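Enquirer:
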Amino acid sequence: MLQRFQTQAKVENPRYGQLIIGPPGSGKTTYCNEAYKFYRELGRQVGVVNLDPANDNMSYESVINVMELITVEDCMEHLQLGPNGALMHCAEYLEQHIEDWI
Numbered sequence: 005m006l007q008r009f010q011t012q013a014k015v016e017n018p019r020y021g022q023l024i025i026g027p028p029g030s031g032k033t034t035y036c037n038e039a040y041k042f043y044r045e046l047g048r049q050v051g052v053v054n055l056d057p058a059n060d061n062m063s064y065e066s067v068i069n070v071m072e073l074i075t076v077e078d079c080m081e082h083l084q085l086g087p088n089g090a091l092m093h094c095a096e097y098l099e100q101h102i103e104d105w106i
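When the letters of the sequence shown are read in order and numbered with the numbering used here, they come out as residues 5 to 106.
Below, the structure is given as structure tokens:
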């Protein structure tokens, strides 16, 4: 039975994902960068989805980037919000427009 499962797993080519969360400065971007390089070196397909509207410091390319839709910096400038208010606005905006965007 194990052999059949291993053969089936190879045929189906399963997909895996990781959700990386944490406070500012905790190393999320660094981790994603290193994981991206590691999996690429193994020959795996890698796609990074950036849902942080304040992260403009990525050294890797993301397949989906919320900053194409809205950024904290733009909200602060145009809506006269502080960083926390702008981040909350971005989250609410993403929630309301995610189906149109993706």
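We put the beta carbon where it would ideally sit given N, CA and C, even for glycine.
The structure presented is a predicted model; accordingly, all values stated were derived computationally and were not measured.
Please classify ASP56 as buried or exposed, where buried requires at least 16 other C-beta atoms within 10 Å of its C-beta.
Expert: Start at 1 with the first residue of the sequence shown, and residue 56 comes out as number 52. It is buried - the Cβ of ASP56 has at least 16 other Cβ atoms within 10 Å.
Enquirer: Starting from TYR35, trace the alpha helix (DSSP H) in both directions and tell me its first and last residue.
Expert: Within the sequence shown, numbered from 1, the residue matching residue 35 stands at position 31. Unbroken alpha helix (DSSP H) run through TYR35: 32-45.
Enquirer: Under 8 Å by Cβ, that's how I've got ASN54 and ILE74 pegged, so tell me the actual separation to the nearest angstrom.
Expert: As a position in the sequence shown, residue 54 is number 50, starting the count at 1. As a position in the sequence shown, residue 74 is number 70, starting the count at 1. No, ASN54 and ILE74 are not in contact; Cβ-Cβ is about 12 Å, not under 8 Å.
Enquirer: Hey, quick one: how far does the alpha helix (DSSP H) through ILE102 stretch, first residue to last?
Expert: Indexing the sequence shown from 1 puts residue 102 at position 98. Per DSSP, ILE102 belongs to the alpha helix (DSSP H) from 87-105.
Enquirer: Can you give me the C-alpha to C-alpha distance between ARG44 and VAL50, rounded to a whole angstrom?
Expert: Reading the sequence shown from its first residue, position 40 is the one you call residue 44. Reading the sequence shown from its first residue, position 46 is the one you call residue 50. Roughly 7 Å between the two C-alpha positions.
Enquirer: Helix, strand or coil: how does DSSP classify VAL76 here?
Expert: Here residue 76 corresponds to residue number 72 of the sequence shown, with the count starting at 1. It is helical.
Enquirer: CA-CA distance, SER63 and GLY47?
Expert: Position 59 of the sequence shown, counted from the start, is the residue given in the question as residue 63. Position 43 of the sequence shown, counted from the start, is the residue given in the question as residue 47. If you take the alpha carbons of SER63 and GLY47, they lie about 19 Å apart.
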